[in-house]
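Engineer: Input: one structure, supplied below.
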Amino acid sequence: MQITKTLTTNPKPAPDWNNLGFGAFTTDHMFIMDYHEGRGWYDPRIVPYAPLALDPAAIVLHYGAEVFEGLKAYYAGDDQILLFRPEANAQRINNSSVRLCMPELPVEYFVQAIKELVGIDKHWVPKLPDTSLYIRPLVIATEGVLGVRRSADYQFIVILSPVGAYYPEGLNPVKIYVEEEYVRSVRGGTGFCKCGGNYAASLAAQYKAKEMGYSQVMWLDGAERKYIDEVGTMNVMFKVNGRILTPELSSGTILPGITRDSVLKILQSWNIPTEERKITLTELQQAIQTGTLEEAFGTGTAAVISPIGELNIHGEKVAISNGQIGPLTQKIYDTLTGIQWGKLKDEFGWTVNISSQK
Ligand code: COI
120 MQITKTLTTN PKPAPDWNNL GFGAFTTDHM FIMDYHEGRG WYDPRIVPYA PLALDPAAIV
180 LHYGAEVFEG LKAYYAGDDQ ILLFRPEANA QRINNSSVRL CMPELPVEYF VQAIKELVGI
240 DKHWVPKLPD TSLYIRPLVI ATEGVLGVRR SADYQFIVIL SPVGAYYPEG LNPVKIYVEE
300 EYVRSVRGGT GFCKCGGNYA ASLAAQYKAK EMGYSQVMWL DGAERKYIDE VGTMNVMFKV
360 NGRILTPELS SGTILPGITR DSVLKILQSW NIPTEERKIT LTELQQAIQT GTLEEAFGTG
420 TAAVISPIGE LNIHGEKVAI SNGQIGPLTQ KIYDTLTGIQ WGKLKDEFGW TVNISSQK
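Per this note's numbering, numbering of the sequence shown is gapless, rising by one per residue and ending at 477.
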């Protein structure tokens, strides 16, 4: 793929690297490629970051035909920049697209677009500890037609944002409210997709939890409100009696997290038993009562690992790990981020060094 490049003549001022927050800043350039039915993907280009021109009838604006991804570029010292498992994001965006009747992207286009865009904006990759360049690829349906149907036109876009911690709490434990009214997804729905609609539908529960002093919700399954699905925008893991339990993906209601998969592989390499299976809220409550719930944490690209320090279950507040980050949670965080920032040997072959990109 030959990417046309138009560089900005009006670079943005640098952000305050010490106060990046999450998603508040975007870089100087973006990648765009168009799609038309019968023609396929065409006109890949890197252009100055700017608002899009969209037909107000564009399908994405009415019926939510949108999928996205999230991954990061990490500064590894000596002008080295690492990506983490970008092919996994490429595969996942395609799985999301298929479910939403949207066109798939060749994996190599996805990865090349990111490599070249990050290469052009490499001075935007933050260098301070625990900061990174968040990469947001998305595909939107752009045809201007009000019928509910597949779009004939799409755009694949990549934007970049230098980020710090996702939660203001950083690696401090978060308080989680177990949500029993709203649900995130149902069997047969789009729970396994990273599509905007899932997040739009989750906001009401998020704000309800916030009003009660909680950072996020724990989602239960949509049919019976019995099984644990996810926590906030993250996958969830529990350490019970020395074993790590996490909800299985088979129901299609849970996002197949790349951080989730990486954490499971790291644990397995340490010979820590892992179980991917259905977990009922009752089982969790029993583990709390018997004192066997040792640690709990969320996993996701944005926050990496987010320890859970308190759960509110049916109005009852329970502290986990005495409200502290558990030792295994800390070790997983240190190991995964150590690999991502190139400080630890990457025995899994996950990181992709893009330092040669211009
Ligand atoms: C992630 O953990 O990467 C997410 O899904 C959060 C993102 C939607 C900001």
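C-beta atoms are modelled at their ideal positions from N, C-alpha and C, and glycine is treated no differently.
1) From which residue to which residue does the beta strand (DSSP E) around Leu190 run?
2) Give me the pocket residues for the ligand COI, defined as CB within less than 5 Å of any heavy atom, sorted by chain position.
3) Counting pairs of Cβ atoms below 8 Å between the segment 247-264 and the segment 279-294, do you hit three or more?
4) Output yes or no for whether 7 Å exceeds the beta carbon distance between Val267 and Tyr154.
5) Tell me the rounded alpha-carbon separation between Ser304 and Val186.
6) Bridge partners for Glu343 per DSSP, in chain order?
7) Is it right to say Leu252 is buried, meaning 16 or more other beta carbons lie within 10 angstroms of its own, or is it exposed?
8) Nearest by alpha-carbon distance to Leu383: which of Gly417, Leu412 and Lys464 is it?
9) When DSSP labels each residue in this structure, what does Asn317 get in the three-state scheme?
10) Whose CA, out of Ala192, Gln199 and Tyr228, lies closest to the CA of Ile212?
11) When the distance is taken between beta carbons, is Ile178 closer than 7 Å to Gln274?
12) Taking C-alpha atoms, which residue in Gly434, Ile165, Arg164 and Leu430 lies nearest to Lys294?
13) Are Asp115 and Ile373 closer than 7 Å when you measure CB to CB?
14) In whole angstroms, what separates the C-alpha of Gly310 from that of Ala328?
Structural biologist: The answer reads as follows:
1) Taking the sequence shown and counting its residues from 1, the one referred to as residue 190 is at position 71. Taken as a continuous stretch (DSSP letters only), the beta strand (DSSP E) holding Leu190 covers Leu190 to Tyr194.
2) Gly189, Thr352, Gly419, Thr420 and Ala421
3) Result yes; three or more Cβ-Cβ pairs closer than 8 Å.
4) Locating residue 267 in the sequence shown gives position 148, counting from the first residue. Locating residue 154 in the sequence shown gives position 35, counting from the first residue. No.
5) Within the sequence shown, residue 304 is the residue found at index 185, counting from 1. Within the sequence shown, residue 186 is the residue found at index 67, counting from 1. In this model, Ser304 and Val186 are separated by some 16 Å (Cα to Cα).
6) By 1-based counting over the sequence shown, the position of residue 343 is 224. In the DSSP output, where bridge partners are listed per residue, Glu343 has none listed.
7) Along the sequence shown, one-based indexing puts residue 252 at 133. By the neighbour-count rule (16 or more Cβ atoms within 10 Å), Leu252 is buried.
8) Indexing the sequence shown from 1 puts residue 383 at position 264. When each option's Cα is compared against that of Leu383, the closest is Gly417.
9) Position 198 of the sequence shown, counted from the start, is the residue given in the question as residue 317. Asn317: helix per DSSP, three-state reduction.
10) Position 93 of the sequence shown, counted from the start, is the residue given in the question as residue 212. When each option's Cα is compared against that of Ile212, the closest is Tyr228.
11) Taking the first residue of the sequence shown as 1, we reach residue 274 at position 155. Taking the first residue of the sequence shown as 1, we reach residue 178 at position 59. Going by C-beta atoms, Gln274 is not nearer than 7 Å to Ile178.
12) Taking the first residue of the sequence shown as 1, we reach residue 294 at position 175. Closest option to Lys294, Cα to Cα, is Leu430.
13) Since the first residue of the chain shown is 120 and the last is 477, residue 115 is not available in this structure.
14) The count along the sequence shown starts at 1 and reaches residue 310 at position 191. The count along the sequence shown starts at 1 and reaches residue 328 at position 209. So the two alpha carbons sit approximately 20 Å from each other.
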